[in-house]
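A.B. asks: First, the structure itself, so that you have it in front of you.
There are 2 protein chains.
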Amino acid sequence: MSYKQVIYNTAPAPAIDPSLTSGTFRLNTVALSDNVPANKVLVRVHYLSLDPAMRQWLTAKRSYIEPVEIGAIMRGQSIAQVVAVGSDLGSKFKTGDWVTASSGWQEYAVLGVKEVVKVAIPPGGRPTDAMSVLGMTGLTAYFGMVEIGQPRVGDTVVVSGAAGATGMVAGQIAKIKGAKRVVGLAGSQDKCDFLVKELGFDVAINYKDADWRKQLKEATPEYINVYFDNVGGEILDACLARAARDSRFAICGAISQYNSAKPQGPTSFMTVISQRITVKGFIVFDFAKQYAAALKEMASWLEQGKLKRKEYIVPGGLEAAPQALVDLYAGVNTGKMMVEVAPVTGDLATKAKL
Amino acid sequence: MSYKQVIYNTAPAPAIDPSLTSGTFRLNTVALSDNVPANKVLVRVHYLSLDPAMRQWLTAKRSYIEPVEIGAIMRGQSIAQVVAVGSDLGSKFKTGDWVTASSGWQEYAVLGVKEVVKVAIPPGGRPTDAMSVLGMTGLTAYFGMVEIGQPRVGDTVVVSGAAGATGMVAGQIAKIKGAKRVVGLAGSQDKCDFLVKELGFDVAINYKDADWRKQLKEATPEYINVYFDNVGGEILDACLARAARDSRFAICGAISQYNSAKPQGPTSFMTVISQRITVKGFIVFDFAKQYAAALKEMASWLEQGKLKRKEYIVPGGLEAAPQALVDLYAGVNTGKMMVEVAPVTGDLATKAKL
């Protein structure tokens, strides 16, 4: 028996080329061995996480994480299931356990204990939550909004990339924390409708509208107290120009800039002085000690229906991942984007509520 | 008897035109009345403060202060001397008192009690200190460095506009607070020599050198923990690219951008995320409650010789102010720039140590 892997083939220049024959990635096939080392588990990958940060992993030199090396399996998290357990790990794992796995882009992976985390499904939760609202994207939203944005009752909060996995949670948390107006920016009318009708955003603006700046101005009559940025570029710039006195700008991502050879700087930067803005970048890993408490709070919001989740699952198996990544930067998804590497079928699907 | 005033004539477009006949400002002559209202003092202006923020006062719409209106006396602080006291103020002021005055650009001014502050000269101090190291520029350096930069023992601290009134104090404070390396950027070899030889900066870089970026890199082998920015533009950008993890960027000014019609945004902005930088703008007025404590500490540093002052006094009377302001943006000054509106002569000069 054999399984497939996606290998990082050539650096994007600067756009990702999704072709698996001549592009950024290539396919590799390896034999699947039954012989699992004593201190490892063999997992089968079901859902692969696609994240905006991935573009940075390919080329960024001085970033929060080492770049992926050419020739290596593409890095990525997944929701996976344990299919075989090494002899030393019998007390920790059993066949059938669901885990979040640092598997990379492959159908199966042999992993050590540090590369798998058993999924504890809270009341009202489901396994894929561990990779979205109760996983890294949800935690990113939580710490960026609660610790850096610090929304106060009555505040106006703006979130860019608001229909993405992180943005949608960030906006909902602002609302839970008492913000008066939560304004989301997203890239289609459908996404905007979703934000307002399903998630309770007060206003959603389609940044592809010609008059989005005017709409932003009208949506923020008392200026912006908190801005949660996932996109950078001209939306960040427009929000700087609308910043309120002593506002907090939580810089989470800059998806509009990742594929650009010459990044665009915020020309309204001088408002930072006149309005005494605090602009702070962050990486979720820095808050690792607070994960458990944050997850507990978010799980309770999920259970109470205060916090809603949304996933965007791409079918087509592992081979679909490169094109899905390109699509992620094009903004096709509403909610957490995942590639379905292997569907979950039968009893297990029911049991796992996938 | 009459005296002169400088009136804001036409908006700069975008550069200041120093001509007093067809430029940004014009001269006005008014009669000097002996009749001082009961609740006012008449002061004679001796030294006029020139500040980088002035360009913003002329046109910025949503800033920390209202713009100066066309036709009004140009706004500005001065070191002045009380020459007549209204009948109600005899217990508060007497002829000969030195004050910092919100006089605007004129030779004499009739001012209310809120527009004048008596200069208390600490041991080792002199009246003009109240407009520089123990005045707004010194306080700006203090709060920007101590409250926002928060240099720690062992830190690498970079200051731009380091030979200016604020920058030179900011760098010295970093050193006093235990920074390991204080690096200044300035616009001439003379200024650089002054920073290293007179003020104890570890390294000074002439940003007009073709290889200043390389020099900056070499001067910050452990990256930059604190950056105190007076200039914005490409120096801010280069410092973002050299930022250390969890660094603090205190944004005080952006003199390189004030006269530019299309401001330049920092293209290395994405380092804000990867290095978790805190970028914070500030205005000294926000720290008003802490002025007294800060001045006490700085006066003691002055007395102990830990903190050195430097003034750059432009002769030529009030008429010299417009050209001096242009020269300020061209960076001619080392230290606090003042225009000598009226020299101090005789006994008074000796007594006041001016």
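If you're matching them up, the sequences are chains A and B in order. Residues are numbered in the working numbering as their position in the first sequence, beginning at 1, plus a constant of 3. Residues are numbered in the working numbering as their position in the second sequence, beginning at 1, plus a constant of 3. Where is the CB? At the ideal position from N, CA and C, for every residue including glycine. From a predicted model like this one, the values you see are computed outputs, not experimental measurements.
1. Would you mind sorting residue 280 (chain B) into buried or exposed? The rule is 16 or more other CB atoms within 10 Å of its CB.
2. For residue 281 (chain B), which beta-bridge partners are listed by DSSP?
3. I'd like to know if the segment 39-54 of chain B and the segment 67-74 of chain B are in contact, where contact means that at least 3 CB-CB pairs between them fall below 8 Å.
4. Residues of chain B with a CB under 8 Å from the CB of residue 268 (chain A): which are they?
5. I'd like the list of long-range same chain contacts for residue 283 (chain B), defined as Cβ closer than 8 Å, with 5 residues on each side in sequence excluded.
6. Taking 6 Å as the limit between beta carbons, can you name the residues of its chain near residue 118 (chain A), skipping five residues before and five after?
7. Taking only beta-carbon atoms, is residue 283 (chain B) less than 7 Å away from chain A?
8. Using the three-state DSSP reduction, which class does residue 176 (chain A) fall into: helix, strand or coil?
9. Measure from the C-beta of residue 9 (chain A) to each C-beta in chain B and report whether the shortest distance is under 7 Å.
10. Quick one: what's residue 229 (chain A) bridged to in DSSP?
11. Mind pulling the chain A residues with CB within less than 9 Å of residue 280 (chain B)?
12. Flag this pair as yes or no: are the beta carbons of residue 139 (chain A) and residue 287 (chain A) separated by less than 7 Å?
13. With which residues is residue 315 (chain B) paired in a DSSP beta bridge?
14. Please confirm if residue 135 (chain B) has its CB atom under 7 Å from at least one CB of chain A.
15. Between which two residues does the beta strand (DSSP E) harbouring residue 32 (chain B) extend?
16. Looking at the structure shown, is residue 355 (chain A) part of a helix, part of a strand, or coil, going by DSSP?
17. Rounding to the nearest angstrom, what Cα-Cα distance links residue 136 (chain A) and residue 340 (chain B) in this structure?
18. Taking residue 158 (chain B) and residue 182 (chain B) to be in contact with their CB atoms under 8 Å, please state how far apart those CB atoms are, rounded to whole angstroms.
19. Quick one: complete beta strand (DSSP E) runs, 3+ long, within the segment 112-160 of chain B?
20. How is the alpha helix (DSSP H) around residue 296 (chain B) delimited, first residue to last?
21. Under 6 Å: does the beta carbon of residue 191 (chain B) sit that close to some heavy atom of the ligand SAH?
22. For residue 200 (chain B), does the three-state DSSP call read helix, strand or coil?
23. Quick check: is the beta carbon of residue 151 (chain B) nearer than 7 Å to any beta carbon in chain A?
24. Report the partner residues of residue 332 (chain B) according to the DSSP bridge assignment.
25. Can you list the residues of chain A that residue 229 (chain B) reaches, using a CB-CB cut of under 7 Å?
26. Mind checking which residues open and close the beta strand (DSSP E) that includes residue 187 (chain B)?
27. Taking the CB atoms as reference points, tell me whether residue 162 (chain B) and residue 96 (chain B) lie closer together than 7 Å.
28. Counting only Cβ pairs nearer than 8 Å, list the residues of chain B close to residue 235 (chain A).
29. Of all the CB atoms in chain B, is at least one closer than 7 Å to the CB of residue 294 (chain A)?
30. Using CA coordinates, which residue listed in A:57, A:39 and A:76 is at the minimum distance from residue 328 (chain A)?
31. Quick check on DSSP: helix, strand or coil for residue 211 (chain A)?
32. Could you tell me which chain B residues have their CB closer than 8 Å to the CB of residue 332 (chain A), listed as they occur along the chain?
C.D. replies: Reading it off the structure:
1. buried
2. A:283 and B:251, per the DSSP bridge assignment.
3. no
4. 240, 267, 268, 269, 270, 271 and 272
5. 151, 251, 252, 253 and 254
6. Same-chain partners within the cutoff: 105.
7. yes
8. helix
9. no
10. A:160 and A:251
11. 254, 282, 283 and 284
12. yes
13. The beta-bridge partner set that DSSP reports for residue 315 (chain B) consists of B:340.
14. no
15. Note, residue 32 (chain B): beta strand (DSSP E), 28-34.
16. For residue 355 (chain A), the predicted model reports a pLDDT of 42, less than 50, meaning its position is unreliable; a value from the coordinates is still stated below. It is helical.
17. 56 Å
18. 5 Å
19. 119-121
20. 294-306
21. The ligand content of the structure shown is nil, which means the ligand SAH is not present either.
22. Assigned with DSSP and collapsed to three states, residue 200 (chain B) falls in helix.
23. no
24. Answer is none; residue 332 (chain B) lacks a bridge partner.
25. The contacting residues do not exist; residue 229 (chain B) stays about 15 Å from chain A at best.
26. 184-189
27. no
28. 272 and 273
29. no
30. A:57
31. coil
32. Near residue 332 (chain A) there are no residues of chain B at all, since even the closest Cβ is about 15 Å away, more than 8 Å.
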